[in-house]
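As you go down the protein sequences, you meet chains E and U in turn.
Numbers 508 to 921, taken from the working numbering, label the letters of the first sequence in order.
Numbers 14 to 134, taken from the working numbering, label the letters of the second sequence in order.
Just so you know, even glycine gets a beta-carbon here, dropped at the ideal spot from N, CA and C.
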Amino acid sequence: MDFEKLHREESGRILATLIGLLGDFDLAEEMLQEAYAVALQKWPSEGTPANPRAWLISTARHKAIDRLRRDRRFERKSEEIAKTAEIAARPESDREEEMFADDRLRLIFTCCHPSLPVEARVALTLRTVCGITTEEISRAFLIPVPTMAQRLVRAKVKIREAGIPYRVPSPEELRDRLDGVLLVVYLIFNEGYLASSGDALIRRELCAEAIRLGRVLCDLLPKQAEAQALLGLMLLHDSRRDARVSAEGELVLLEEQDRSLWHREQIEEGTEIVESALRGGATRVYALQAAIAALHANAKTAKDTDWPQVAALYDALLRTHESPVIEVNRAVAVAMGRSVKEGLALLDELERRKELEEFHLLAAARADLLRRLGRISEAADAYRRALALATNDTERRFLRRRLAEIERLSDPQV
Amino acid sequence: MEYLLLIYHSEAGLGKMTPADTADLYREYGQLRDELAGKGKFLGGSQLMPTTVATTVRVRDGKRVVTDGPFAETKEQLGGYFLVNASDLDEAIAIAARIPSARNGTIEVRPLAVRGQAKPA
């Protein structure tokens with residue numbers, strides 16, 4: 508029995524069940540630790556039980572009942588007495604898988620409650636639903652461990668003190684609340700996918716966890732097309748993971764990626780899920796982004812991409828989401844699909860807007876289009892401007908490389 | 014659990030309402046109160062007189078400082094409250110969302126502290 512492996516892979520699911528059973532995050536965590544301690548003691552001599560997870564849950568539950576009974580002698584809180592009775596009365600998990608699934612879904616909605624700050628929702632979901640340690644979450648988000656620990660403690664206190672329920676929302680509330688959950692999953696994925704600094708292994712784990720959460724949501728809420736769209740989007744983005752970064756750790760643009768490194772099976776699965784989501788009526792932000800990702804993933808070369816369709820989808824996105832990133836992407840799609848000049852004109856128009864002056868992606872996109880048009884010195888200026896504005900190390904390395912290439916072109920003597 | 018729903022609204026906006034609209038607003042408030050009271054969920058509540066008749070009291074170094082009005086200039090002022098009984102935060106939020114002023118003002122949902130309740134870790 509690989510105890511470490513069990514701990515790593517099952518803790519999240521066991522904890523979810525225990526929190527559901529006990530209605531208390533801290534008590535559940537503490538009792539699970541005690542159950543592990545008993546297991547470490549007993550399993551080597553008595554043998555590993557047939558179902559380690561059920562054994563741990565049952566042991567933790569009995570420990571909790573003991574603890575609550577003991578506390579009662581000192582405090583005599585009627586609430587505690589009622590809780591103990593309730594926990595003791597709940598049937599042992601004979602339908603374990605089913606119970607676990609429901610518990611996990613309830614826990615997701617609790618962790619993603621809109622009354623918690625967004626950063627806390629993300630951290631709490633990773634900690635309690637996915638079972639990722641506080642240290643790992645801190646490393647992934649480049650936040651000191653004590654700060655992250657405090658964020659988690661505050662969130663758990665708020666859940667208890669404000670009376671945030673442990674429940675799947677009513678059908679009337681489900682759509683709004685699910686949006687909040689999807690946002691958390693999306694943020695977890697993006698942190699793993701887009702962050703350029705920090706530990707690569709943990710970032711990959713974040714993507715995998717986000718996809719796992721997406722699958723849980725789609726399994727348990729099968730008619731939610733937006734959840735499907737998000738899962739499809741994540742699968743499609745993640746399918747490019749091995750082509751996005753070069754052996755030297757440099758960012759590789761979509762256009763220049765080695766498409767043979769893309770994971771075909773994952774693209775097929777993602778595309779199928781996106782199509783099903785669109786048939787199911789998904790029309791919002793994840794669905795549109797997923798449709799764009801599907802067009803990219805299924806194009807044999809960058810040139811073969813259905814750029815007019817990509818541009819049209821960005822148009823649709825802009826109708827509900829004002830975002831400079833989307834505007835820049837749309838201009839690039841126009842440049843690729845119609846003409847570089849037309850795309851550049853759109854970017855020039857964006858640049859005249861005061862609020863986008865400091866936006867490094869805009870400068871970088873302009874530089875790229877100017878380079879394509881052979882306007883080398885203007886391109887070099889735009890790269891320098893992008894470099895001055897960019898803060899992300901990987902992006903800066905990429906921009907520096909491009910600038911060096913351009914400078915060689917403009918001055919062949921050097 | 015007991016929750017205090019603090020109702021913030023724009024006093025200026027309230028002052029500009031027509032008498033008919035004001036009557037409708039009060040009627041809607043009355044209906045919600047009655048409905049909640051019927052279910053044993055309404056523990057108390059009232060509209061407050063406007064901030065123009067408010068007084069602020071502070072004691073500093075043993076000296077009483079009494080000034081006019083509320084503490085700071087804001088767009089919305091505390092205009093009233095509901096004290097309700099709800100099974101959890103979601104129910105309290107659902108009640109808050111039905112308070113007429115939620116449509117143009119803001120409702121702050123605060124659980125009451127229970128004496129002897131475990132202190133935050």
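- Any idea if A107(U) is buried or exposed, counting beta-carbon neighbours within 10 angstroms, 16 or more meaning buried? Classification for A107(U): exposed.
- Grouping DSSP H, G and I as helix and E and B as strand, with all else coil, what is L18(U)? The DSSP-derived three-state label of L18(U) is strand.
- If you draw a straight line from the alpha carbon of R73(U) to that of G28(U), how long is it in whole angstroms? Each residue's alpha carbon lies about 35 Å from the other.
- Pairwise C-alpha distance: L894(E) and D855(E): Answer to the nearest angstrom: the Cα atoms are 18 Å apart.
- Task: Grab me the residues of P556(E)'s own chain with a C-beta within less than 6 Å of its C-beta, minus the 5 sequence neighbours each way, in chain order.
- Result: For P556(E), the CB contacts under 6 Å within the same chain, skipping 5 residues up- and downstream, are W562 in chain order.
- Is it a yes or a no for the stretch 752–768 of chain E touching the stretch 820–833 of chain E, going by three-plus beta-carbon pairs under 8 Å? The stretch 752–768 of chain E vs the stretch 820–833 of chain E: no contact.
- Task: Indicate the three-state DSSP secondary structure (helix, strand or coil) for G530(E) in the structure shown.
- Result: The answer is coil: DSSP assigns G530(E) none of H, G, I, E or B.
- Item | Spatially closest choice to T65(U) from D101(U), T80(U), L56(U), by CA coordinates | The candidate whose alpha carbon is nearest that of T65(U) is T80(U).
- Looking at the C-beta of A134(U), does it have a partner C-beta in chain E at a distance below 9 Å? No answer about A134(U) holds up, because its pLDDT of 45 lies below 50 and its placement is not dependable.
- Name the DSSP beta bridge partners of F55(U), please? Beta-bridge pairing links F55(U) to V97(U).
- With 16 other Cβ atoms within 10 Å as the buried cut-off, status of V625(E): Residue environment for V625(E): exposed (fewer than 16 other C-beta atoms within 10 angstroms of its C-beta).
- Item | Under the three-state DSSP convention, the category E121(U) falls into | Here E121(U) carries a strand assignment [DSSP, helix/strand/coil].
- Secondary structure of T69(U), DSSP reduced to three states: In the structure shown, T69(U) falls within a strand segment according to DSSP collapsed to helix, strand and coil.
- Task: Kindly list the residues whose CB is nearer than 7 Å to the CB of Y42(U), restricted to its own chain and excluding five residues on each side of it in sequence; keep chain order.
- Result: By the criterion of a C-beta distance shorter than 7 Å, Y42(U) is surrounded in its chain by P113, once the five residues flanking it on both sides are discounted.
- Cβ-Cβ separation, T778(E) to N805(E) (assumed contact under 8 Å), whole Å: That belief holds up - the Cβ atoms of N805(E) and T778(E) are roughly 6 Å apart, short of 8 Å.
- Answer yes or no: the CB of F510(E) versus the heavy atoms of the ligand NAD, is any distance below 8 Å? For the ligand NAD, the structure offers nothing, since it holds no ligand at all.
- Can you name, in chain order, every residue of its own chain whose Cβ lies under 6 Å from the Cβ of F95(U), other than the five neighbours on each side? Taking C-beta separations shorter than 6 Å and ignoring five residues to either side along the sequence, the partners of F95(U) in its chain run L18, G58, following chain order.
- Task: Work out the CA separation of G554(E) and R684(E) for me, nearest whole Å.
- Result: Those two C-alpha atoms are separated by around 44 Å.
- In three-state DSSP terms, what is V625(E)? Helix.
- Item | chain U within 9 Å of I913(E), Cβ atoms only | Not closer than 9 Å to any Cβ of chain U, the Cβ of I913(E) fails to qualify, so no.
- Message: For the stretch 87–108 of chain U, list every residue whose C-beta sits within 9 Å of some C-beta in chain E, in sequence order.
- Response: Result list: A99, S100, D101, L102, D103, E104, A105, I106, A107.
- Message: Looking at chain U, is there any beta carbon in it that lies within less than 9 Å of the beta carbon of R574(E)?
- Response: By this cut-off, R574(E) is not an interface position.
- Query: What does a CB cutoff of less than 6 Å around Q796(E) pick up in its chain, not counting 5 residues either side in sequence?
  - Reply: If we look at Q796(E) and ignore the five residues flanking it on each side, its Cβ neighbours are L740.
- Message: Would L869(E) and P815(E) qualify as a contact pair, given that the criterion is a beta-carbon distance under 9 Å?
- Response: For L869(E) and P815(E), no; Cβs fall outside 9 Å.
- Query: Just curious, the beta strand (DSSP E) that R77(U) is in, first and last residue?
  - Reply: 76–81 is the extent of the beta strand (DSSP E) around R77(U).
- Message: Can you tell me whether M655(E) is buried or exposed? The criterion is at least 16 other CB atoms within 10 Å of its CB, across all chains shown.
- Response: Looking at its Cβ environment, which holds 16 or more other Cβ atoms inside 10 Å, M655(E) is buried.
- Query: Can you list, in chain order, the residues of its chain whose CB lies under 7 Å from that of L659(E), leaving out five sequence neighbours each side?
  - Reply: Answer for L659(E): A630, L631, R634, T641, listed in chain order.
- Closest Cβ-Cβ distance between G670(E) and chain U: below 9 Å? A Cβ of chain U is located within less than 9 Å of the beta carbon of G670(E).
- Query: Does the stretch 706–725 of chain E come close enough to the stretch 687–695 of chain E to have 3 or more Cβ pairs within less than 8 Å?
  - Reply: The stretch 706–725 of chain E, when compared against the stretch 687–695 of chain E, does touch it at the 8 Å Cβ threshold.
- How many Å lie between K512(E) and H770(E) at the Cα? Distance between the alpha carbons of K512(E) and H770(E): 27 Å.
- Message: Counting only beta-carbon separations shorter than 9 Å, does E680(E) have a partner in chain U?
- Response: Cβ-Cβ to chain U under 9 Å: yes for E680(E).
- Limits of the alpha helix (DSSP H) - the one that M843(E) falls within: Segment 831–844, the alpha helix (DSSP H) holding M843(E).
- Task: Using the Cα positions of L737(E) and I774(E), report the straight-line distance between them to the nearest angstrom.
- Result: Straight-line Cα distance between these residues: approximately 14 Å.
- Task: Classify V921(E) as helix, strand or coil using the three-state DSSP reduction.
- Result: Because V921(E) carries a pLDDT of 46, less than 50, the predicted location of this residue cannot be relied on, and no value is offered for it.
- Message: Quick check on the DSSP output: the alpha helix (DSSP H) that includes F866(E) runs from which residue to which?
- Response: Per DSSP, F866(E) is not a residue of any alpha helix (DSSP H), being assigned neither H nor E.
- Item | Residues of the stretch 615–626 of chain E with Cβ closer than 7 Å to any Cβ of chain U, in chain order | With the criterion set as a beta carbon lying under 7 Å from some beta carbon of chain U, the members of the stretch 615–626 of chain E are S622, in sequence order.
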